[in-house]
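In what follows, a structure is listed as structure tokens, so that the remarks can point back to it.
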Amino acid sequence: MFNIVLDNKKYKVQEKISIYEFLKSNNNDKNVVAARINGSLHDLSDCIESDCELEAIRSNELDGLDIIRHSCAHLLGHALKQIDPKIKMVIGPVINNGFYYDILSEKAISEKDLKSIENTMKKLAKKNYNIIRQVVSKTEAKKVFTERKEDYKLELINDIPKNEIIAIYHHQEYIDMCRGPHLINTKYLKHFKLMKVSGSYWRGDSNNQPLQRIYGTAWDTEESLDNYLKKLEEADRRDHRKLGQRLDLFHFQEESPGMIFWHNNGWFIYSAVKDYITSYLVNNDYDIIDTPQILDKSLWKKSGHLDKFSDLIYEVTSEDKGYAIKPMSCPGHIQVFNQGIKSYKDLPIKYAEFGKVHRDEPSGTLHGLLRIRGFTQDDAHIFCTPDQIENEISDLISNIYDIYKVFGFEKIKVELSTRPEKRVGDDSIWDKSESSLKSALDNNKVIWKINEGDGAFYGPKIDFSLTDSLEREWQLGTIQLDFSMPDRLNASYIDQDGQKRTPVMIHRAILGSIERFVGILIEEYAGDMPLWLAPTQVVILNITSNQENYCNNIENSLQNNNVRVICDLRNEKISFKIREHTLSKIPYIIIIGDKEVADNKISVRTRSGVDMGQMTVENFMKMLDTHVIEKSLTI
Ligand code: ZN
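Numbering (the working numbering), first residue to last: 3 to 637.
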């Protein structure tokens, strides 16, 4: 007899029992997909043999969903092997919201094939096959996959350390190698969809065998699957790359991968964001500076960047000397700090730069404005004494919240990462700064999470992620203390006692990369930029050529009041012109016919199709002013 603790309740069991049987006998089997015994994951078919703590993993939990997704990857493998037994299975891991399987197939699989593969999966799932786990030796595993001609699985087996156990899972004739756990029966796989096919390489290396990757998504209920697919549709509608082209904001081309060609409209948005941040910084006592793009390699060697980020740094030569294009602005800011002797009375010193940086990111990871090689950091460095840390951090936190709010983001996740094993600096400075960061967070009434040991070797940090309207998280802001770089690059100040001291350096970014932030904004607003960020704010349309002069006069008076306005006097049907400008997402459309001219008024429509009726130009301008001054998110 032994005890099982489940949800803080104790159960006495007479003899060895399978997890599934045990949960079922206690009416605890609803939506259960796997379990933890004393903290480690198990299949439901595994047995309980001694005292233990049991935790049921249910299908709606993240771990539970992963198990469904992983089992679904095996089901995809089964279907593919039935369709073409010569297909070789490579790896099939779980990813965010789903799974993929890399395969080698003689006949290329196309998107058109996905529906029929999916149907085969559905048919197989309905056969209620038990999914069975078996632990085997390396030799046995090799035998199984040699018989099945799974060359890649054999290579993977060779990578497994000698003493590690190998688990294979099979249902009906399909066998796969996997750590598990898995569902106990294919009948629980119902709510899935194959999404797309793309190319990949064996071991992710483009010198190796090209493979095909089939992506799928899987969920616990039909409702969750539908919600996810709707969200994807919405994300596609908001895709900043598509809107970027449609609204003539920017483009990319092969000659400069990961670098942006900004067009007039997109550059306007970029500049408006930058101007707003600049004015905010000036009001908060920052010095705005600008440092060189290209600096001698010896400086990057001294700062430590050349050793740590060599893969990401673009190098250039001039007159036989080696230079690096800056991947970040920190060392440059220390050079500015080092000009002249600094006293404790001068601190804190806050340098901000819109630093254009270049990082040679792998081409496969580039993604529109969100992942690029050339971008602008809204970077700043604060040089202060250890006693000033808390105050500075506290200000920074409230700055970050202020700025995110202006753009409409109020759901912010905050994480504090503390000292790692390997680190520089005395424990006393770590103690002081970690407690300063904590009190600064608490004083700002922030809800935060701690990541023990996740800080950089040179100091603790706070990261800020915001959640957009599609519930996607974006890590943007960061505040990092640095006890190393000022010392490496000889920064110092004279303290009260006339002693030379090394200042603490705080690296901080609020938006991260302006380019990426603009990408996030385009998606968040679905291209409907708030009035203050809209490249063109108003378009004036005439109904017939009779109103041309009147339209030009209105345009002039709006321009004189700094409204960004255009006139469309083309000889086209008014309905056609309204439609075209609505699609280009201009916030306000003014329509002028004979009646408006006679009444000396204008008729106003919004891009969302709301007819605001007739008004005077003066009232219209007052309304625009209010929206711009308040940075209203809606029009
Ligand atoms: Zn920095």
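We put the beta carbon where it would ideally sit given N, CA and C, even for glycine.
Sequence-distant residues of its chain with Cβ nearer than 8 Å to residue i (five each side left out)
| i | result |
| --- | --- |
| I449 | V416 |
| S52 | F4 |
| Q539 | L533, V565, R566, V567, I588, P589, Y590 and L626 |
| Y230 | N99, T219 and W221 |
Cβ shell of residue i (< 6 Å), same chain only, five flanking positions each side left out
| i | result |
| --- | --- |
| V7 | E55 |
| D31 | L25 |
| A274 | L535 |
| M614 | V606 |
| G246 | F252 |
| Y13 | I6 |
| D497 | Y346 and R503 |
| K155 | F147 and M179 |
Whether residue i touches residue j by CB criterion (7 Å)
| i | j | result |
| --- | --- | --- |
| I542 | I524 | no |
| I594 | N544 | yes |
| P488 | P505 | yes |
| R60 | N33 | yes |
| K413 | T469 | yes |
| I133 | I168 | no |
| Q482 | G461 | yes |
| T293 | G334 | yes |
| I592 | V606 | yes |
| I85 | A36 | no |
| M123 | I105 | no |
| G521 | L371 | yes |
| L398 | R510 | yes |
| R248 | L314 | no |
| A354 | Y288 | yes |
| I170 | Q136 | yes |
| P212 | S365 | no |
| I508 | I384 | yes |
Endpoints, the alpha helix (DSSP H) within which residue i is located
| i | result |
| --- | --- |
| S419 | It is not in any alpha helix (DSSP H) - S419 instead sits in the beta strand (DSSP E) that spans I414 to S419. |
| C74 | L64 to I85 |
| Y22 | I21 to S27 |
| I279 | N266 to N285 |
| R1 | Outside the shown range of the chain, which is 3 to 637, sits residue 1, and nothing can be said about it. |
| Q48 | For clarity, residue 48 is Asp in the given sequence; the question names Gln instead. Counting along the chain, D48 falls outside any alpha helix (DSSP H), and DSSP gives it neither H nor E. |
| L251 | Counting along the chain, L251 falls outside any alpha helix (DSSP H), and DSSP gives it neither H nor E. |
| T584 | I576 to L585 |
| V599 | D596 to D601 |
| D309 | H307 to K310 |
Nonlocal neighbours in the same chain, by C-beta distance under 7 Å from residue i, ignoring five residues either side
| i | result |
| --- | --- |
| G373 | Checking the sequence shown, residue 373 turns out to be Arg, not Gly. So the list reads E363 and T367, once near-sequence residues are dropped. |
| N446 | S396, I399 and S400 |
| E113 | K198 and V199 |
| G306 | R490 |
| R518 | L371, L372 and F377 |
Endpoints, the beta strand (DSSP E) within which residue i is located
| i | result |
| --- | --- |
| M614 | D613 to M617 |
| E632 | Note, E632: premise wrong, no beta strand (DSSP E); not H, not E. |
| L327 | The sequence given here has Ile at residue 327, not Leu. Unbroken beta strand (DSSP E) run through I327: K323 to I327. |
| L8 | F4 to L8 |
| V606 | I604 to T608 |
| K195 | H193 to Y203 |
| P333 | That residue, P333, is in no beta strand (DSSP E); its alpha helix (DSSP H) goes C332 to F339. |
| S61 | It is not in any beta strand (DSSP E) - S61 carries neither H nor E in the DSSP assignment. |
Unbroken stretches of the beta strand (DSSP E), 3 residues or longer, contained in the stretch 496-553: Listed in chain order, the complete beta strand (DSSP E) runs (minimum 3 residues) inside the stretch 496-553 are 506-515 and 540-544.
Are the stretch 146-161 and the stretch 191-200 touching, with three or more C-beta to C-beta distances below 8 Å? Too few Cβ pairs lie closer than 8 Å, so no.
Three CB pairs or more closer than 8 Å across the stretch 431-443 and the stretch 373-382: Judged by Cβ distances under 8 Å, the stretch 431-443 makes no contact with the stretch 373-382, as fewer than three pairs qualify.
Check whether the stretch 345-360 and the stretch 235-244 touch, using three or more Cβ-Cβ pairs below 8 Å as the test. Counting C-beta pairs with one atom in each stretch, the stretch 345-360 and the stretch 235-244 have fewer than three that are closer than 8 Å, which means they do not touch.
Which residues, in chain order, sit with a beta-carbon under 5 Å away from any heavy atom of the ligand SAH? Annotation note on the ligand SAH: not contained in the displayed structure, which lists the ligand ZN as its ligands.
Completely contained alpha helix (DSSP H) runs for the stretch 140-171, where each covers 4 or more residues: Secondary structure in the stretch 140-171: the alpha helix (DSSP H) runs of 4 residues or longer, each lying completely within the stretch, are 140-149 and 153-161 in chain order.
Ranges of the alpha helix (DSSP H) found wholly within the stretch 101-139, counting only runs of at least 4: Counting whole runs of 4 or more residues, the stretch 101-139 contains the alpha helix (DSSP H) stretches 116-127.
Of all the alpha helix (DSSP H) runs that stay within the bounds of the stretch 423-496, which reach a length of 4 or more residues? Counting whole runs of 4 or more residues, the stretch 423-496 contains the alpha helix (DSSP H) stretches 429-445 and 487-490.
With three or more C-beta pairs closer than 8 Å as the rule, is the stretch 202-222 touching the stretch 40-51? Counting C-beta pairs closer than 8 Å gives fewer than three between the stretch 40-51 and the stretch 202-222, which falls short of the contact rule.
Kindly provide the ranges of any alpha helix (DSSP H) runs that are 4 or more residues long and lie completely inside the stretch 354-393, ordered along the chain. None, since the stretch 354-393 contains no complete alpha helix (DSSP H) of that length.
Three or more C-beta pairs closer than 8 Å, one from the stretch 489-508 and one from the stretch 220-230: is that the case here? With the rule of 3 Cβ pairs closer than 8 Å, the stretch 489-508 does not count as touching the stretch 220-230.
Examine the Cβ distances between the stretch 452-459 and the stretch 420-428 and report whether three or more of them are shorter than 8 Å. With the cut-off at 8 Å, the stretch 452-459 and the stretch 420-428 touch.
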